Amino acid sequence: MPVNETLANYGDWLYGAAALVYVFAMVFYTTEQAFTRRAKKSEQAAAKVLVGAGAPVEPASDAPAIGLIAEAPRRSRADRFGRMAVALTVLGALLHLGSIVLRGVATGRAPWGNMYEYGASAMFVAVATWLVLMRKFDVRRLGAFVLTPVVILMFLGGTALYTAAAPVQPALQSYWLVIHVSAAILSSGLFLVPGVVSLLYLVKVKHDANPAKFASLGARLPDADSLDRLAYRTTIFAFPIYTFGIICGAIWAEAAWGRFWGWDPKETVAFVAWVVYAGYLHSRATAGWRGTRAAVINSVAFGMVVFNLFFINLVIAGLHSYAR
Amino acid sequence: MTVSDPETDDAVGDDKPAQPPTGPRRLLAFGRNTWRGLTSMRTALILLFLLALAALPGALLPQRSLNLPRVLDYIDAHGWWGTLLDRLQFFDVYASVWFSAIYLLLFISLVGCLLPRTVEYARALRAKPVLTPRNLSRLPHHATTETDTAPEEVVAAAKTRLKGWRVVERAETEGISLSAERGYLREAGNLLFHFAMLGLIVALALGKMFNYEGQVIVLADGSQFCNSGTLGYDSFRPGLRVDGTDLDPFCVRVNSFDATYLPNGQAEQFTAKIDYQAAGDLDSGTWRPYDLRVNEPLRIVGDRVYLLGRGYAPTFTVTFPDGQRRTQTIQWRPVDQLTMLSEGATKFDPPGVTDSAERRQRQIAITGLFAPTALIQDKILSSSHPALRDPAVAIDVMRGDLGLESGRGQSIFEIDQSLVDSGRLTRVARENLKPGGVITLDDGTKVSFDGVVPFVSLQVSHDPTQLWVLVFAVLMILGLGTSLTIKRRRVWVRATRADGGRTVVRVGGLARTDQAGYGEEFSRLAAQLLSPRRDP
Ligand code: HEM
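Chains as they are written, first to last, in numbering that gives the first Met the number 0: chain A, 0 to 323; chain B, 0 to 535.
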């Protein structure tokens, strides 16, 4: 199947545009951060009251979600920057999605055949996840922290790892490409968020214990519990998908390589990351391992996912090396 | 022990120090403590991390099972360090003592953890929801209201709202209370997940015993391969309990091989047209056709046949001075997968020579490069495309002692360089040939390059437990999904008469998993439970 070069080129432009828009969004999130510091105290107090719910519940009222508190009666400057940042993120995500779709149409296959395409899709999932989470949790001003790795990875993808649109080799011509790789993309993109949030949690805990540490950043972060909850919720959503992705990989390997598991480097590190995530889930049910240790484990687990993508693909030769 | 329960799980990781035991009970206590320690959550956690850590070197260092030559290179290149790593089994990580020890311990820990949990769960399933706490306002979630409705009606209404919950109603001194609980399936899912994982590990271990894997190269010119014994294979890797005598009989005949390529030489599709016969077909002589492709193995009875690789086998004919001719088609191995430039050595014995000393002076080897699409620059041959468009060979013809009788095994792709160095094998011609090309040697021997036959490299795999592994993997996913989506919640309602004939209704809630998420959910539920009855 021949490749439609024109469409592929438009796709690449959209990719660049999306990355650029994310950079602008980051600037606005950061600006929001900078303005929020003072608003924090009163906001936290307000949230406390609602969660405590000691008072009789008004039968008719739907208890307001914590996230709505951010919409103070008077729209502050911080708030306006935050809203613009979100609007930009949405715009970026649309451009990003457009670039992925164009790649797929141009090549006439699922656009996940090499590292550039894989990374582009995973980063889209990360941004989409973030957009969803921002609606549920009051974490908008953390946007810059999530977009930073996204932009870095997109930059690497668009330069060092860039691959021109082309059909894929015979081993990849299978519907398992769609199933296995999309599960991997979905879970890796989702995992990015708890990976980042767990790091922020660690910063916050350090700051809470000693306000002199991370003084400016720590003061602006949401409380540690919210960060922990956000990381946990996203992880337990992504983990079954990751498991599913690994199992589909094994089923595909059985058809393509003659065995379902062979300790190929990619398989090995996927296994390691899976075990570390399982460790994260267990740590939350183990005395003395909740909180800080769990957050460290979660960050390490995401580190393994990234390691698997970059180091194993680029440095170590294995059966997955098609992705270079 | 309900491990996922925030009220009790603190105890899970902590083994209470036992009282110093006396006399013969000491041994028992020691055993019990060891067992408790091994099956505690903390130990399981540490073992999990050890497993992850132990698996990692397998990704970073070359492994014997995957690539033996790279392991040997690595050991050579790293001196004592390489030797040390080898001693410590770092090149056979997944078969190493330490890796096996970790996962065996984890397995035991898992069993020890699951058995009591299963018993506990069975008990919990039959038990009634716990008593309503005396003071509901002490709970993390609670709400209160007053109403004119009678306590009995309040409770009856609440009961209908708590559909899907396990509810008990209890009469109390001052009123009535309900205690309700739900989310029991969560633990069931969790147990299913862990048991499925146990099953998967057992199935894997059995598979390692009874599986085998063999590779064989077959010319795509109607040549056959039969799975009748290990000798038919070029390489064969048996499971621990396989001796190669009892293989499932079947035969495969490779009729042709087709490859389609993109203009840049990237492969688009490989197809080997084969016939096969298995079971009853073998007696009746029936052949069944199949198109063997990458991703589409042939599955017969208990075996799978894969198309793993391909290449070219040039045909050479040697016409000896006495007029006798010998023709051979031997596979040459690709040195560049993109252009299929290949190298090899086709070896000939002079016919009719019985004296071995004489034979060892007149053996002939044709060695060099083969290009499917020749690109010749300054007489150097390379290949510009993997398809058979303009084949050519660049060969050295060697004459002398090939060392075939020396008893030392030698590669079919190479000649023994030491014989060249010692002068027992000498080059008598070097030329580039296209099909039909002939070289005439000084003694009148003619060497001709007749043409090319593609070959396929097949793998036969046998793993009687792989379906079980799949079944357990699917159960794991189902268990995982259940245990991560279902939440355990408790809610209590108490209706008591207050002064003035009014009824005070109190609602309390406790999350047994994912506490943080219970807030909004509880508010909604409480609002429903406390709202005045709306039925007619
Ligand atoms: C290879 C070893 C193991 C793996 C890969 C593994 C994996 C998992 C996973 C993915 C979960 C998540 C389900 C959930 O959070 O509800 C889980 C939960 C759990 N596992 Fe394991 N497990 C292993 C060994 C063990 C062992 C040895 C024990 C007991 C000592 C154990 C006890 C538990 C418990 C109690 C939970 C529930 C924790 C919770 O509710 O969050 N697991 N396990």
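Ideal Cβ positions, reconstructed from N, Cα and C, are used throughout, including at glycine. These numbers come from a predicted model, not from an experiment.
Below-9 angstroms beta-carbon distance, residue i vs any chain B residue
| i | result |
| --- | --- |
| Q32 of chain A | no |
| W12 of chain A | no |
| E253 of chain A | yes |
| I250 of chain A | yes |
| A148 of chain A | The identity of residue 148 of chain A in the sequence shown is Pro, whereas the question assumes Ala. Chain B, which has no Cβ nearer than 9 angstroms to the Cβ of P148 of chain A, makes this no. |
| K175 of chain A | Before going on, a small fix: residue 175 of chain A reads as Trp here, not Lys. Closer than 9 angstroms: yes. |
| V196 of chain A | no |
| W111 of chain A | no |
| D263 of chain A | yes |
| T5 of chain A | no |
| I151 of chain A | no |
| E170 of chain A | For the record, residue 170 of chain A in the displayed sequence is Ala; it is not Glu. A170 of chain A counts as touching chain B. |
| F238 of chain A | yes |
| G217 of chain A | no |
| G287 of chain A | yes |
Those residues which DSSP pairs with residue i across a bridge
| i | result |
| --- | --- |
| G213 of chain B | B:F235, B:V459 |
| K158 of chain B | Answer is none; K158 of chain B lacks a bridge partner. |
| Q276 of chain B | B:C250 |
| G450 of chain B | B:T314 |
| P333 of chain B | B:S341 |
| L432 of chain B | B:V392 |
| E413 of chain B | In the DSSP output, where bridge partners are listed per residue, E413 of chain B has none listed. |
| Q376 of chain B | B:I379 |
| M397 of chain B | B:A364, B:R426 |
Buried or exposed by the 16-neighbour rule on C-beta atoms within 10 Å, applied to residue i
| i | result |
| --- | --- |
| F29 of chain B | exposed |
| N209 of chain A | exposed |
| R185 of chain B | buried |
| I245 of chain A | buried |
| S355 of chain B | exposed |
| R160 of chain B | exposed |
| R258 of chain A | buried |
| P349 of chain B | buried |
| L380 of chain B | buried |
| K47 of chain A | Here the model assigns K47 of chain A a pLDDT of 42, short of 50, so the residue's position is not dependable and the matter cannot be decided. |
| A18 of chain A | buried |
Chain B contact residues for residue i, given Cβ-Cβ distances below 8 angstroms
| i | result |
| --- | --- |
| H281 of chain A | M40, A43, L44, L47 |
| V268 of chain A | L55, A58 |
| T242 of chain A | M475, I476, L479 |
| I315 of chain A | A58, L59 |
| G278 of chain A | L44, L47, F48, A51 |
Residue-level contact to chain A via CB, residue i, 9 angstroms cutoff
| i | result |
| --- | --- |
| Y93 of chain B | yes |
| V452 of chain B | no |
| L65 of chain B | yes |
| E212 of chain B | yes |
| V293 of chain B | yes |
| Y305 of chain B | yes |
| Q465 of chain B | yes |
| D335 of chain B | no |
| Q360 of chain B | no |
Residues that residue i contacts on chain A, provided the C-beta gap is smaller than 9 angstroms
| i | result |
| --- | --- |
| V468 of chain B | A249, F259, W260 |
Where residue i meets chain B, residues with beta-carbon distance less than 9 angstroms
| i | result |
| --- | --- |
| P166 of chain A | L261, Q265, E267 |
| V274 of chain A | L47, F48, L50, A51, A54 |
Under 7 angstroms by beta carbon: chain B residues contacting residue i
| i | result |
| --- | --- |
| W129 of chain A | Within chain B, no residue comes near W129 of chain A; the closest Cβ sits about 19 angstroms away, beyond 7 angstroms. |
| V271 of chain A | A51, A54, L55 |
| I235 of chain A | L483 |
| I311 of chain A | A58 |
Interface residues of chain A facing residue i [CB-CB closer than 7 angstroms]
| i | result |
| --- | --- |
| P296 of chain B | A254 |
Residues that residue i contacts on chain A, provided the C-beta gap is smaller than 8 angstroms
| i | result |
| --- | --- |
| A472 of chain B | I246, A249 |
| Q458 of chain B | G257 |
Sufficient close CB pairs (3 or more, under 8 angstroms) joining the region 42-62 of chain B to the region 92-111 of chain B: yes
Touch test, the region 139-151 of chain A against the region 73-85 of chain A, Cβ-Cβ under 8 angstroms, three pairs minimum: yes
Stretch-stretch touch, CB-based, cutoff 8 angstroms, three pairs: the region 291-310 of chain B with the region 248-257 of chain A: yes
Inter-stretch contact at 8 angstroms, needing at least 3 Cβ pairs: the region 33-48 of chain B / the region 95-112 of chain B: yes
Touch test, the region 208-226 of chain B against the region 164-183 of chain B, Cβ-Cβ under 8 angstroms, three pairs minimum: no
Three CB pairs or more closer than 8 angstroms across the region 412-422 of chain B and the region 390-404 of chain B: yes
Three CB pairs or more closer than 8 angstroms across the region 427-444 of chain B and the region 284-292 of chain B: no
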